Every structure is written in C-alpha cells, then in structure tokens.
Amino acid sequence: MYLVNTVERDKAEGIVADTYALVPAQIDIPVPMRLLSATPGLMERQANMIRYFRHHDRLTPPLLAAIRYVASEKFAYAPCAVFNHDLLRAQGMSEGDIANLSCKPVETPLDESEAAVLAFVTKAVNAPGAVTRADIDALVELGWRESDIVDAVQSAANMLGMSLMYRTFVRD
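Quick note on my numbering: the sequence shown kicks off at -10 and runs consecutively.
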C-alpha cells in the first residue's frame, strides 16, 4: 500500500507513461517506479538515470545488477534486492554466485575486472571512508576510467535514497 497517490500503468500519461514504457508490458511496474509516479519531475530524473545506465558503454548489465543487488541488500531495500536477484538469475548466475557477490566477487561469473569494481563498490557501501586513492588507481590499472568508477558507486548510492523513499511511503 502506498501512503501517497500513485499512477497505475493503464492511467499513466506524459512522462509517467513514457517511463512505464521502459518496463515490458508483461512485467509489473516495480514498486519504486510506481512510487515516483507521485512526482513526475522525479520520475523523469529516474527515467533518465535508467536510460543512462542501460546504455553505459563500460558497466555491463550483469555488473550493474550485481552492484544494485549488493547495495539493496546492505540498505535493506527488499523490492530492489528481489528484482536484481531475479535479473541475475535470468542472466545465468546461480544462488551460490549471488551469495558470493558481496563477500567473494572473484568467485562469481563476473570477469576479473568487473569483480574488482564490485569489490570496490562493496567497500564504498560498507565503509566509504576506507576507500583510498590506491583503490581507485588499482581499478584504473585494470582499464576502468574514473568516470566508470564514480558511475558504479552512484548506481549503489541510488539504492540508499530509494530505500528511504520506500520505507517512508510504502507499507506491505
């Protein structure tokens, strides 16, 4: 149950309808997206963020799903954890692979370079003050741009904000 008025898919217009169109018709509108329908300006911002990451030239869909999964688990953001868990399963990860994402990223199907980014983001999520320039340099040496690293952490940070929104405005 939403504590604020939201828009159902079949009643959506304008930016809300455009944003809902990003979700295949056979899939329910995700709870966080529906929540943002209460404020079309924020929904437009979120839609642009989705498009940005969907078309990212370096951060792959499995890496981004892994980042969102780890962050949503950390921030107790259940809808996103479930959604990204299901995405990872659909992309071929086993339950064991998913369980290893936050503690042993090198023991997942992610390649070495992606596992390093996931380990960095996990460190940032758990102890942001512990991140050092050497951590960033190590990723740059693996071929990552600093902008990729910032984008990866931003993808995780989005989970914190949406977790707060969810816990404030949605009741199960």
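Cβ atoms here follow ideal geometry from the backbone N, Cα and C, with glycine treated the same way.
Just so it is clear, the structure is predicted and the values come from calculations on it, not from any experiment.
Item: Helix, strand or coil for Y(-9)? Go by DSSP, reduced to three states.; Value: strand
Item: How big is the Cα-Cα spacing for D75 and V129?; Value: 30 Å
Item: Considering only the beta carbon of each residue, do V95 and A141 sit closer than 8 Å?; Value: no
Item: Look up V159 in the DSSP assignment and give the residues it is bridged to.; Value: Y(-9)
Item: Quick check on D86: buried or exposed, where buried means 16 or more other Cβ atoms within 10 Å of its Cβ?; Value: buried
Item: When the Cα atoms are used, what is the spatial distance from V120 to L77?; Value: 27 Å
Item: Quick check on this structure: which residue in P51, L53, D46 and L11 has the alpha carbon closest to the alpha carbon of Q35?; Value: L11
Item: Helix, strand or coil, according to DSSP, for Y9 in the structure here?; Value: helix
Item: Taking the Cβ atom as the reference point for each residue, do I138 and F109 lie within a distance shorter than 8 Å?; Value: yes
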